[in-house]
Amino acid sequence: MKSKYLPYLLILPAIVYLLFFIGYPLVQAIILAFTHNGHLSLYNFRSALATPTFIPAFKYTLALAAVIIPTQLFLALILSLIMTRTFKGKDMVLYALIIPLTISDVAGGLIWYTLLSDAGFLNKLLINIGLISQPIHFFGYQYRNMEFLAIVLEELWRSTAIVFVIILAGMQMISKEYIEAAEVFGAGYWTRLRKIIIPMLKPSIQSALIIRTLFAMQIFGAVWMLAGRDIPVLAGEGYYQLTFIRNYGVASIYALAIAALSIVLGALYVKFLKAPYLEVSR
Amino acid sequence: MIQTLLPPFKKETGISVDFVPMSYTDISTKLAAEEKTGKVDIDLIGDLHGGMDYYASQGWLMDLNNMPKLKGRTFIPTFIKYATINGKLVYIPWMSATYVMVVNKKAFQYLPSGLTEEDVIKGTSKWTYQALLEWAKNIYQKTGKKLLGFPAGANGLFVRFLHGYLYPSFTGYEAKEFNSTQAVQMWDYLKQLWQYVNPASTTWDAMSDPLLTGQVWIAWDHTARIKNAIETKPNDFVVVPVPRGPKGRGFIVVLAGLAIPKGAPNPQAAWKLIDYLTKPSTQVEVLKNVGFFPTVEEATNAIPNGPLKILAEGVKAQESTSDALIVMIPNLGKNSGAFKNIYKEAFREIVLQGKNPQTVLNKLAPQLAKLFKEAGIPEV
Chain A
0 MKSKYLPYLL
10 ILPAIVYLLF
20 FIGYPLVQAI
30 ILAFTHNGHL
40 SLYNFRSALA
50 TPTFIPAFKY
60 TLALAAVIIP
70 TQLFLALILS
80 LIMTRTFKGK
90 DMVLYALIIP
100 LTISDVAGGL
110 IWYTLLSDAG
120 FLNKLLINIG
130 LISQPIHFFG
140 YQYRNMEFLA
150 IVLEELWRST
160 AIVFVIILAG
170 MQMISKEYIE
180 AAEVFGAGYW
190 TRLRKIIIPM
200 LKPSIQSALI
210 IRTLFAMQIF
220 GAVWMLAGRD
230 IPVLAGEGYY
240 QLTFIRNYGV
250 ASIYALAIAA
260 LSIVLGALYV
270 KFLKAPYLEV
280 SR
Chain B
0 MIQTLLPPFK
10 KETGISVDFV
20 PMSYTDISTK
30 LAAEEKTGKV
40 DIDLIGDLHG
50 GMDYYASQGW
60 LMDLNNMPKL
70 KGRTFIPTFI
80 KYATINGKLV
90 YIPWMSATYV
100 MVVNKKAFQY
110 LPSGLTEEDV
120 IKGTSKWTYQ
130 ALLEWAKNIY
140 QKTGKKLLGF
150 PAGANGLFVR
160 FLHGYLYPSF
170 TGYEAKEFNS
180 TQAVQMWDYL
190 KQLWQYVNPA
200 STTWDAMSDP
210 LLTGQVWIAW
220 DHTARIKNAI
230 ETKPNDFVVV
240 PVPRGPKGRG
250 FIVVLAGLAI
260 PKGAPNPQAA
270 WKLIDYLTKP
280 STQVEVLKNV
290 GFFPTVEEAT
300 NAIPNGPLKI
310 LAEGVKAQES
320 TSDALIVMIP
330 NLGKNSGAFK
340 NIYKEAFREI
350 VLQGKNPQTV
360 LNKLAPQLAK
370 LFKEAGIPEV
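First to last, the sequence lines map onto chains A and B.
Number 193 in numbering that gives the first Met the number 0 belongs to position 194 of the first sequence; there are no gaps in the numbering.
Number 306 in numbering that gives the first Met the number 0 belongs to position 307 of the second sequence; there are no gaps in the numbering.
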């Protein structure tokens, strides 16, 4: 009798936590989004679509993710391959790589803004060593592509570490026997990488991609600091609607759009990145 | 601030004060209920002009003309004019804030012909928006840099420049002539001006840093947001009145006042507190600590030499210009965010995206009118 209910009891705190902190706000957001003056209505939905920044915000959020995430995955793979070798000072390098992970997106944005602005470190350095005579402009509506670049740089610097940590952990789990066996059969480095390491990393890649994509859909702090609303993103516009215009209904639509995008992309990853462990596939 | 202000008052008069911070809606509801039942328990209200205007329209405020004279101070006449509604003095001007221009002294080397340093500092009739354009253009042509800047970032206050400075200067009103011919001329002007504005303006929330790092030489912002630049390098900058347009020198004054509700239990004690809070020495303390400016002339003169004096003199010069066209931020309650958004949207579409001003303004005008209608106040 006791053992029958024990598992449920054990997960009860987690369930209560999720219901209270995720479930309840989610339901509230849906109510806010799809009611108007106390009636069920699509008014907020139509108003949100009619805001001139909705479509651009949607596009920019996806575009940023499309540039940032693959680059991060690529960088994380290279870094992990380097870090699985032994070399002097490896621990120091590992710490240095992970430090940005502890920095918030807003702080990261501020750091990169001061670095890249007209009067910033980078421009001063380049002017002083004589490479350029006029500062490179990164900020302002008319330099939106450069602002986009600044956001990409900041995000690569700050949040590649999370992908790297997951991939590195996955790589260290791969049994040396496979690699040694491949070597015996004469597989070169690239063959080993393509045929053994990357396939066996699939579960880690999947986790890393899902986590990064969820965060990427919520991208906000760094964009707000580096480009303000020059580059609208869904979370930023939701925040603007909520705190500046105080339109809770439209803000909820923005929030739900982020949720919907996350669910759809998450489901796509699960479907297309099926990751059978070599050990269990029959 | 309240903690440092109130104890000396209690020591002086023996009156103890309970300070209750309340939101505009809360105080409005509370007053409505209390005035209706006749059981008032608030002695003194401190609020912005917009709030006071509403309370007075409901007949909730005492006429302070009948109170004893407050000695040793001269209130700035414009403020008294605002505080007098239908012949009744409904509040005593308490403190004010505004937005001004800051000029790096280096910029004076590039003044366009016909404009002198004195014109700018005193705010003469030659200090016009056209002159500002010529000046910024001249700086750009001589230095290759766009050294005029605005806080047009996501958290910046540039929207106040649009509705409270440019609009009244060009059309005479903040919202009433939103899509008029003069408004179109104003937007055409801003488009021209923007060619010489530092493009990074759209990412700036406050002008202090761009001024200090030399990214701009001429800037417009709220006094509190440029204070740091002047305190850090008081010898580099001057604070000057804003330019004027065809309809006058439009600028916003944020004015806070002190009022006594009708039927207040202790009006005499409240009057003593008003007396204390508007004394020049108290007003200078408030300026030092929270950056709100005095409403009495003696206080401005009592500010010790230094950065604050530079700021206060600029503010005083702006308020004393003969063509001053003072506007207040309309009190639109929950619609105030939507109000600002309309001007931001107009700016983005017309100036940044280059759309036709008339088309954009005609599209937005009905939305603006609706906000005033919902708030139940006439367009200003």
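Cβ atoms here follow ideal geometry from the backbone N, Cα and C, with glycine treated the same way.
- Within the DSSP secondary-structure output, B/N103 pairs in a beta bridge with B/F236.
- Chain-ordered, the chain A residues with CB closer than 7 Å to the CB of B/T212 read A118.
- Residue range P306 to S319 is occupied by the alpha helix (DSSP H) that includes B/G313.
- By the C-beta criterion, the stretch 134-142 of chain B is judged not to be in contact with the stretch 250-259 of chain B, since fewer than 3 inter-stretch pairs fall below 8 Å.
- Against chain B, the CB of A/W223 has a partner CB under 8 Å away; the residue lies at that interface.
- Considering only B/E318, B/P67, B/A182 and B/I41, the residue with the shortest C-alpha distance to B/F346 is B/A182.
- Out of A/Q171, A/I68, A/Y42 and A/G235, the CA that lies nearest to the CA of A/A254 is found in A/G235.
- Beyond the five residues adjoining it in sequence on each side, A/G119 comes within less than 6 Å, by CB distance, of T113 in the same chain, given in chain order.
- Listed as beta-bridge partners of A/V183 by DSSP are no residues whatsoever.
- Judged by DSSP secondary structure, B/H221 falls outside any alpha helix (DSSP H) and instead within the beta strand (DSSP E) spanning I217 to H221.
- With respect to the 8 Å criterion, B/D220 and B/L156 are classified as neighbours on the basis of their beta carbons.
- Along the stretch 146-191 of chain B, the alpha helix (DSSP H) occurs as fully enclosed runs of 4 or more residues at 157-160 and 166-170, listed in sequence order.
- DSSP places B/D46 in no alpha helix (DSSP H) but in the uninterrupted beta strand (DSSP E) bounded by I44 to L47.
- A/F120 carries a helical assignment under DSSP once its states are collapsed to helix, strand and coil.
- Approximately 7 Å separates the beta-carbon atoms of B/I302 and B/L286; this is inside 8 Å, confirming the contact.
- When secondary structure is reduced to three states using DSSP, B/A345 falls in the helix class.
- For A/R228, the chain B residues whose Cβ falls inside 7 Å of its Cβ are A153, in order along the chain.
- A distance of 8 Å or more separates the beta carbons of B/F74 and B/T320.
- If the five residues before and after A/I252 are omitted, its C-beta is found closer than 7 Å to the C-beta atoms of A32, N43, F44 and A47, all from its own chain and listed in chain order.
- In this structure, A/T212 is the residue among A/V249, A/T212, A/Y238 and A/A221 with its C-alpha nearest to the C-alpha of A/L264.
- Contact annotation, B/P242 with B/A130: C-beta distance approximately 6 Å; criterion of less than 8 Å satisfied.
- When the five nearest sequence neighbours on each side are left out, the beta carbons in the same chain lying within less than 6 Å of the beta carbon of A/L78 are those of F163, in order along the chain.
- B/G244 is bridged by DSSP to B/G247.
- Interface residue (Cβ-Cβ distance to chain A less than 8 Å): B/E344 is classified as such.
- Taking A/L72 as reference, the option from A/T159, A/Y142, A/H35 and A/K3 with the minimal CA-CA separation is A/T159.
- Fewer than three beta-carbon pairs drawn from the stretch 104-114 of chain B and the stretch 164-183 of chain B are found closer than 8 Å, and the two stretches are therefore not classed as touching.
- Distance from the CA of B/G332 to the CA of B/A374, rounded to the nearest whole angstrom, comes to 7 Å.
- Sixteen is the threshold: when 16 or more other Cβ atoms of the shown chains lie within 10 Å of the Cβ of B/T222, as they do, the residue is buried.
- Using a Cβ distance threshold of 8 Å, A/M199 and A/L109 do not count as a contacting pair.
- Going by DSSP, B/I325 is part of the beta strand (DSSP E) stretching over A323 to V326.
- Straight through space, the alpha carbons of A/L233 and A/Y59 are spaced by roughly 8 Å.
- The three-state reading of DSSP puts B/T123 in coil, since its state is none of H, G, I, E or B.
- No Cβ of chain B is located within less than 8 Å of the beta carbon of A/Y59.
- Annotated as proximal: A/N122 and A/I135, with beta-carbon spacing under 8 Å.
- Looking at the backbone, the Cα of B/K10 and that of B/D17 are separated by about 15 Å.
- When C-beta distances to chain A are compared with 8 Å, the residues of the stretch 190-201 of chain B below that value are N197, P198, A199, S200 and T201, in chain order.
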